[in-house]
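Engineer: Take the sequence shown: its letter number 49 is residue 49 in the UniProt record's numbering, and every next letter is one higher.
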Amino acid sequence: MTTATNPSAEQSAKIPVLLLKTRSSPGDSYEDLFSESHANGLGFAPQFVPVLLHQFHDEGMKEVAALLRNRRIGNQEHHEYGGLIFTSQRAVEAFVKLVEEGKAGVP
């Protein structure tokens, strides 16, 4: 008897993480690193959110702001992402801007 592999079960072992950057081309070393399978069966599913284009990328900033505002990043089942990874100083600056705007009540 053969058993079919359940793709959704395999995907459930992958923890989605946000990379605040544009995917590099032709290959992205962050995507390669985080997509690797680990001995414990867990891994990461990197999601790229471009937040900068020599200036802040409005759509990416709105997406991350909504995730923060709705508390969708964390390690509980109801969270959409398991973490947030900063890959540059400008990504940190974008995050600081979002936090400051959140404190000031800017939507």
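The C-beta atom is built at its ideal place from N, Cα and C for all residues, glycine as well.
#1: Does the separation of the CB atoms of Leu68 and Tyr81 fall below 8 Å?
#2: Are Leu20 and Ala91 close, meaning C-beta to C-beta below 8 Å?
#3: When burial is assigned at 16 or more other CB atoms within 10 Å of the CB, is Ala39 buried or exposed?
#4: Where does Gln76 fall in DSSP's three states?
#5: So what's Phe95 in DSSP terms, helix, strand or just coil?
#6: Taking the DSSP output, what are the residues bridged to residue 121?
Structural biologist: Taking the coordinates as given:
#1: The sequence position of residue 68 within the sequence shown is 68, counting from 1. The sequence position of residue 81 within the sequence shown is 81, counting from 1. No, the Cβ-Cβ distance between Leu68 and Tyr81 is not below 8 Å.
#2: Indexing the sequence shown from 1 puts residue 20 at position 20. Indexing the sequence shown from 1 puts residue 91 at position 91. A contact, by the Cβ cut-off of 8 Å.
#3: One-based indexing of the sequence shown puts residue 39 at position 39. Burial call: exposed.
#4: Within the sequence shown, the letter at position 76 stands for residue 76. If DSSP states are grouped into helix, strand and coil, Gln76 belongs with coil.
#5: Counting from one through the sequence shown, the residue named residue 95 turns up at place 95. Correct three-state label for Phe95: helix.
#6: There is no way to answer for residue 121, as the model of the chain reaches only from 1 to 107.
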